[in-house]
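**Student:**
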Amino acid sequence: ITTTVLVVARNDTLAYPTKSGLLPWVDPDTPRNKYVYTSSRGRRWDLVMSDEFNAANRSFRPGDDHMWTSLEKPDGVNGALELYSHNMTSTKCDDDGTCYFYIKTVDEVNVIHVYNMYTHPPSFQDVYFWYRGAMVQSWNKFCYQGGMLEVRAQLPGVTDPESGNPDIALGENGKVQNTKFYPTWPGIWMLGNLGRAIFSASTNRMWPYSYDECDADVFDPSFQRISACEDNPGYGLNPNQG
Numbered sequence: 001i002t003t004t005v006l007v008v009a010r011n012d013t014l015a016y017p018t019k020s021g022l023l024p025w026v027d028p029d030t031p032r033n034k035y036v037y038t039s040s041r042g043r044r045w046d047l048v049m050s051d052e053f054n055a056a057n058r059s060f061r062p063g064d065d066h067m068w069t070s071l072e073k074p075d076g077v078n079g080a081l082e083l084y085s086h087n088m089t090s091t092k093c094d095d096d097g098t099c100y101f102y103i104k105t106v107d108e109v110n111v112i113h114v115y116n117m118y119t120h121p122p123s124f125q126d127v128y129f130w131y132r133g134a135m136v137q138s139w140n141k142f143c144y145q146g147g148m149l150e151v152r153a154q155l156p157g158v159t160d161p162e163s164g165n166p167d168i169a170l171g172e173n174g175k176v177q178n179t180k181f182y183p184t185w186p187g188i189w190m191l192g193n194l195g196r197a198i199f200s201a202s203t204n205r206m207w208p209y210s211y212d213e214c215d216a217d218v219f220d221p222s223f224q225r226i227s228a229c230e231d232n233p234g235y236g237l238n239p240n241q242g
C-alpha cells in the first residue's frame, strides 16, 4: 500500500497561531491549495493535520515518530490471518523525487500458542497466521472529534496483462467488477480514542456502539461500556452521554 497524502480538516481554527503560520500538525510540504477547502454549501474547512511522507526511511516504531506508531502483534479480531510487524512499513522516495508511505506483506506461517478464555473449559490452543504485514496508528497522538479526511493511496491488485483480469479492458478508470483479483482488505479508518484498534480489551462493548440515547426498548445499554443511561459514570465522563 502506498499513501502520498493524508489530510484532515475541520471548520474552525486554533486560538494560538504558530510563528510559521502553519498549525502544529500540518506538514510544511503540503501544497498551499490544500490549506483551505470550501464546501459546495460555502462552508470553510481549515487544514489542521497533514502528512506528505516526504522523508525517506521513517521509523514508526514506538517513540520514533511524532504522529504514527507501528504495531508488533498478531491481529486477533475478525478472524484475521496476519501478523503486524514494525519492519514491514516505512517511507521511500523514487528517483524522480516522489516519496510515499508503504506497507509490504510476505507469505509466512506463524503459530502462536494462546490461552482462550472463551472455550469450555478455557484452555490453550494453537492459532495460525498465514502472512505478515503492518499497521500504523495515530492512537493517543493525534485525535480529532470531527471533520473531513482525505487520503490518496495506491492499493494492491493483480493488473498485469498475463493475469487474465477482465477489468483491464475497462481502462485505468474503470470500475472494479471482479473482486477475486484484489485479494486484500486494506483499511484506512478512524476509531474513537477510548478504544485502540485490535487491542480487544479496549474495544469490547466500546466499538462500534455509539448510540447516545437511553432507551432500552431500542438499544440494550448493557452492550455499551459507556451508556447514556449512566447518571454517574465516573472517570470524569459526562452523565447520561453515550
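Once you know that position 177 of the sequence shown is 177 in the numbering used here, the rest is easy, because the numbers rise by one and skip nothing. Even glycine gets a Cβ: it sits at the ideal position worked out from N, Cα and C.
Based on Cα-Cα distance, which residue from S50, K34, E52, T203 lies nearest to R44?
**Tutor:** K34
**Student:** Would you kindly work out how many angstroms separate the C-alpha atoms of T3 and L22, rounded to a whole number?
**Tutor:** For T3, the pLDDT reaches just 45, beneath the cut-off of 50, and the residue's location in the model is therefore unreliable, although a value from the coordinates is still provided. C-alpha separation (whole angstroms): 22 angstroms.
**Student:** Mind checking who K73 pairs with in its DSSP beta bridge?
**Tutor:** Y84
**Student:** Expressed to the nearest angstrom, what Euclidean distance is found between the alpha-carbon atoms of L92 and P161?
**Tutor:** In the sequence as presented, Leu is not what sits at residue 92; that position holds Lys. Taking the straight line from one Cα to the other gives about 27 angstroms.
**Student:** Can you give me the C-alpha to C-alpha distance between A169 and T89, rounded to a whole angstrom?
**Tutor:** 32 angstroms
**Student:** So who's on the other strand from H120, going by DSSP bridges?
**Tutor:** H120 pairs with nothing; no bridge assigned.
**Student:** Just confirm the distance between the C-beta atoms of F129 and N116, as a whole number of angstroms; I'd bet it's less than 8 angstroms.
**Tutor:** With 8 angstroms as the limit, F129 and N116 do not qualify as a contact, their Cβ atoms being about 15 angstroms apart.
**Student:** Roughly how many whole angstroms lie between the Cα atoms of L155 and M135?
**Tutor:** 14 angstroms
**Student:** Relative to the C-alpha of G164, which candidate in P233, E108, A153, Y182 has its C-alpha closest?
**Tutor:** Y182
**Student:** Label F124 either buried or exposed according to how many other C-beta atoms from any shown protein chain fall within 10 Å of its C-beta, with 16 as the threshold for buried.
**Tutor:** exposed
**Student:** When you compare only the Cα positions, how much space is there between L47 and R152?
**Tutor:** 16 angstroms
**Student:** By Cβ distance below 6 angstroms, which residues in the same chain neighbour S50 in space, the five residues on each side in sequence not counted?
**Tutor:** Answer for S50: V7, V26, D27, T30, listed in chain order.
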